[in-house]
């Protein structure tokens, strides 16, 4: 018995290809007036903050100047002045510091991202960033640091840690640092 063939045209479907594309786009768009999901728990809404930072530190530096290939080693006292701004809902921060040096009067710019771990008054953090020494080199390089922060209130916190910096430019430079600081925290945005 021969099989009957049924021929269907592509146009017999309910929607044509351009109509399908338009229908998919309409379904993908959010309803009018819809907003992104937001946390309503007040601790999360109050996490946006701007901070002023002030703190002393110490470093051990070894550098090889490209001009005379002489190795310079030594301890140095540091003073950091800067600011940070929280990003996201975990208390992570973007920070910028101006760092003064006592051994050879010099200023450097330190910036980066601080990832904070923990929700209690004691928190640990990791800094990933860069350091620029525009006057004494110039030197530019990455910076990695680990530390602890203790929050006394919604407005004040102290922190301390250890960091490593590499510098490239006018030769090679390596810094090992210990740092401390005080953060004055100012909430940004309104809470109801």
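Residue numbers (the numbering used here): 40 to 231. Ideal Cβ positions, reconstructed from N, Cα and C, are used throughout, including at glycine.
Practice problem: Would you mind sorting residue 117 into buried or exposed? The rule is 16 or more other CB atoms within 10 Å of its CB. | Solution: buried
Exercise. Give me the Cβ distance between residue 154 and residue 176, rounded to the nearest whole Å; I'm assuming they're in contact under 8 angstroms.
Key: Between residue 154 and residue 176 the beta-carbon gap is near 28 angstroms, outside 8 angstroms, which marks them as no contact.
Practice problem: Please report how far the alpha carbon of residue 214 lies from the alpha carbon of residue 199, in whole angstroms. | Solution: 16 angstroms
Quiz item: What is the C-beta distance between residue 227 and residue 89, in whole angstroms, given that I count them as a contact (C-beta under 8 angstroms)?
Solution: Contact between residue 227 and residue 89 is confirmed by a C-beta separation of about 5 angstroms, below the 8 angstroms threshold.
Self-check item: Continuous beta strand (DSSP E) stretch holding residue 129: start and end
Solution: In this chain, residue 129 is not harboured by any beta strand (DSSP E), its DSSP state being neither H nor E.
Quiz item: Does the Cβ of residue 218 have 16 or more other Cβ atoms within 10 Å, making it buried, or fewer, making it exposed?
Solution: buried
Quiz item: Would a C-beta distance cut-off of 8 angstroms place residue 94 and residue 119 closer than the cut-off?
Solution: yes
Quiz prompt | At least three beta-carbon pairs within less than 8 angstroms, the stretch 123-130 to the stretch 141-151 | solution = no
Exercise. For my contact list, residue 186 and residue 156 are in at a C-beta cut-off of 8 angstroms; report their separation, rounded to the angstrom.
Key: That belief does not hold up - the Cβ atoms of residue 186 and residue 156 are roughly 11 angstroms apart, past 8 angstroms.
Quiz item: Using the C-alpha atoms, what's the distance from residue 87 back to residue 254?
Solution: Outside the displayed range of the chain (40 to 231) lies residue 254, so it cannot be described from this structure.
Quiz prompt | Local Cβ density within 10 Å of residue 101, reported as buried at 16 or more and exposed below that | solution = exposed
Quiz item: For residue 224, which residues of its own chain have a beta-carbon under 6 angstroms away from its beta-carbon, when the five flanking residues on both sides are left out?
Solution: 88, 90, 194
Self-check item: Sequence-distant residues of its chain with Cβ nearer than 6 angstroms to residue 191 (five each side left out)
Solution: none
Quiz item: Are residue 92 and residue 148 touching if we call contact CB-CB under 8 angstroms?
Solution: no
Quiz item: Nearest to residue 203 by alpha carbon, out of 197, 212, 139?
Solution: 212
Self-check item: Test item: CB-CB of residue 168 and residue 188 under 8 angstroms
Solution: no
Quiz item: Over what stretch of residues does the beta strand (DSSP E) that includes residue 148 continue unbroken?
Solution: Taken as a continuous stretch (DSSP letters only), the beta strand (DSSP E) holding residue 148 covers 145-156.
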